[in-house]
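What follows is a set of notes on a single structure, which appears directly below.
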Amino acid sequence: MIRPLPPLLSQRLTDDAAGITSVCTAHPIVIEATLAHGLRTGRRVLIEATCNQVNQEGGYTGMTPAAFRGFVEAIAAKVGFDPARIILGGDHLGPNPWKHLSPGDAMGRALTMIGAYAQAGFSKLHLDTSMGCAGEPAALADAVTAERAAALASAAEAEVGVGLSPVYVIGTEVPVPGGAQHALDTLAVTRPEAAFRTLEVHRQAFRARGRDDAFARVIGVVVQPGVEFGSTDVIGYQPVKAEALAAALDHMPGLVFEAHSTDYQSEGALAALVRDGFAILKVGPWLTFALREALYGLDAIAGILPTQDGADPDRTEGLPALMEALMVREPEYWRNYYAGDADALRLQRHYSFSDRIRYYWPHREAQHGVERLFARLGDRPIPGPLVSQHLGKLYGAVADGSLAPRPRDLAIAAVQQVLDRYDRACHATPRG
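Last residue of the sequence shown: number 431 in numbering that gives the first Met the number 0, and the count goes up by one each step with no gaps.
Laid out in structure tokens, this is it:
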């Protein structure tokens, strides 16, 4: 039986469903696919920007929180999705982008960042101060994490404009953004007593700042349920190992758990997470990974089909070659995350589950490469045998007539196949 959800969470996020998918991305095609999926299902959509993607300094997308809101709403207008049904969230809001600086400098920038998120109307804020800054240990004491989180919440509360005050997610055992950076074997599930301590030290820290009102809007705690992915490995959810943690929610009224790094889990595992109280399922790299698969498949097809004017296809440089040259020339987003010889590094740059290639799609060269690919293919239907050969996951929908085999439709559908898994997991069983 799925446990009843707290009223505030149901009202603000889930619309009485058992859970909600948190889409963590800034990729325009992924956002378009997400909003089109929401239009088809009739759901509200939760889209979260991370501190590295979007901040007052632009992040790797070049967007501030206000610019990101405008970016998402422009896509919503294109899709025909009501912007009032979009929930914007901020993910891993804290000093992470500046952790190479002193604690004072890093937290000063984090306070400015979360204020910008609040001003822009982001209504779900994940406070993540679990990492050490320059001169500090990698993992901080719970009390320090909680005090910094309370400082961030205070800064957000001071900048809230018109509309609902934000809801918050807290935590001290927060998985690394974007997946593990080492080979995976097993994971330690968060102990119930650690979850209780996290909640209590945050309660005390918020109270010390006179922010009981903000603490009353804490809806979730980030814990480690035993799921993670790395470059080539995925650790699947094992409910038996999380039984004690799931039972802890019986003693944490008004709260659910937020599960990070749920990418690449089976549909059964996702449904089990929701059933066990991990009602907020975060997904990000899996969506851009699925899109990259589709784009590379379309690129292979473009190298086979004649161009729209009947000329032979241009096989001089496809999208993978362009992305390889870009990533080798500008290695900052992958070199500290991948290891091995030259062949292993090349494989990871393109095909790693960690999907560090996602950091390069906003680059002007990559954008132009994708635009050229779609221009080469045009809007003509792609023959079924080529869909089967190079986009095999989508062939069933093409064959039964539910998906038009046009290039952009196929790319959108690749992302939506992943979203469908999450949607079924969150809506499979009525809560009660």
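Ideal placement from N, C-alpha and C gives every residue a C-beta, glycine not left out.
What does a CB cutoff of less than 6 Å around residue i pick up in its chain, not counting 5 residues either side in sequence?
i: Q449; result: This structure does not reach residue 449, given that the chain is present from 0 up to 431, and the question cannot be answered.
i: S9; result: D15
i: R357; result: T287
i: T111; result: Q55
i: A137; result: G131
i: E156; result: A213
i: R84; result: R43
i: P5; result: G253
i: G296; result: H389, L390
Do residue i and residue j have their C-beta atoms closer together than 7 Å?
i: A301; j: R210; result: no
i: G170; j: V221; result: yes
i: G235; j: V188; result: no
i: V166; j: R11; result: yes
i: F352; j: F228; result: yes
i: P384; j: P404; result: no
i: A270; j: A140; result: no
i: V417; j: W285; result: yes
i: G18; j: A278; result: yes
i: R208; j: A149; result: yes
i: L280; j: T13; result: no
Let me make sure I understand the geometry here. Which of the options has the alpha-carbon closest to that of residue i?
i: W97; options: Q55, A65, L124, H125; result: Q55
i: A76; options: G89, I30, N95; result: I30
i: G89; options: F288, I74, G58, A105; result: G58
i: E78; options: G114, P27, N51; result: Sequence check: residue 78 is Val here, not Glu. Checked all of G114, P27, N51; the closest Cα to V78 is P27.
i: F80; options: R42, G368, T128; result: R42
i: D467; options: V282, A148, F195; result: Outside the displayed range of the chain (0 to 431) lies residue 467, so it cannot be described from this structure.
i: L92; options: A66, S122, A17; result: S122
i: Q415; options: L4, D342, A365, A35; result: A35
i: L318; options: V53, C50, D340, A299; result: A299
i: A243; options: L344, A194, E172; result: A194
i: P361; options: T13, P5, T60; result: T60
i: T144; options: A25, S129, I19; result: S129
i: Q264; options: Y295, R202, A424; result: A424
i: P94; options: N51, G368, K392; result: N51
i: D378; options: G395, T306, S21; result: T306
Taking residue i as part of the beta strand (DSSP E), name the residues at either end of that continuous run.
i: G162; result: Run containing G162: none; DSSP gives neither H nor E here.
i: H125; result: 123-126
i: D90; result: 85-92
i: S387; result: Where S387 is concerned, there is no enclosing beta strand (DSSP E), although the alpha helix (DSSP H) it sits in stretches over 383-389.
i: E242; result: Looking at the DSSP string, E242 is not in any beta strand (DSSP E); the run it does join, the alpha helix (DSSP H), is 242-247.
i: V22; result: 19-23
i: A213; result: It is not in any beta strand (DSSP E) - A213 instead sits in the alpha helix (DSSP H) that spans 211-214.
Assuming residue i is part of the alpha helix (DSSP H), what are its boundary residues?
i: L409; result: 406-426
i: A109; result: 102-118
i: F205; result: 191-207
i: T261; result: No alpha helix (DSSP H) holds T261; DSSP gives it neither H nor E.
i: I74; result: 64-78
i: G296; result: 284-301
i: G37; result: 27-40
i: E323; result: 318-328
CA-CA distance, residue i and residue j?
i: C23; j: V71; result: 12 Å
i: V200; j: F214; result: 11 Å
i: A398; j: A293; result: 17 Å
i: E370; j: P406; result: 12 Å
i: N335; j: V327; result: 13 Å
i: E323; j: E316; result: 11 Å
i: K240; j: E158; result: 41 Å
i: Q118; j: H125; result: 15 Å
i: E364; j: P330; result: 15 Å
i: H389; j: I46; result: 30 Å
i: G178; j: S260; result: Confidence is the limiting factor: at G178 the pLDDT is only 49, short of 50, which leaves the residue's position unreliable and the question unanswerable from this model.
i: R355; j: I303; result: 28 Å
i: A109; j: L376; result: 44 Å
i: A66; j: P191; result: 40 Å
i: V233; j: A268; result: 12 Å
i: E172; j: A258; result: 11 Å
i: A412; j: R274; result: 27 Å
i: A396; j: R39; result: 16 Å
i: Y359; j: L290; result: 13 Å
i: E266; j: A410; result: 21 Å
i: A105; j: L186; result: 29 Å
i: V168; j: A374; result: 43 Å
Quick one: what's got a C-beta closer than 8 Å to residue i's C-beta in the same chain, skipping five residues either side?
i: L7; result: V166, R216, I218, G253
i: L248; result: R2, L254, V255, F256, G276
i: Q237; result: G225
i: G114; result: A154, A155, A157, E158
i: Y394; result: G383, V386, S387
i: L321; result: E364, A365, G368
Suppose the cutoff is 7 Å on Cβ atoms and the five residues either side in sequence are ignored; what does the same chain contact list for residue i look like?
i: D408; result: L402
i: F102; result: Note on residue identity: the sequence assigns Pro, not Phe, to residue 102. Taken in chain order, the residues that qualify are C132, E135.
i: G120; result: R68, L87, G160, G162
i: H99; result: A133
i: T33; result: V22, V44, I46, L418
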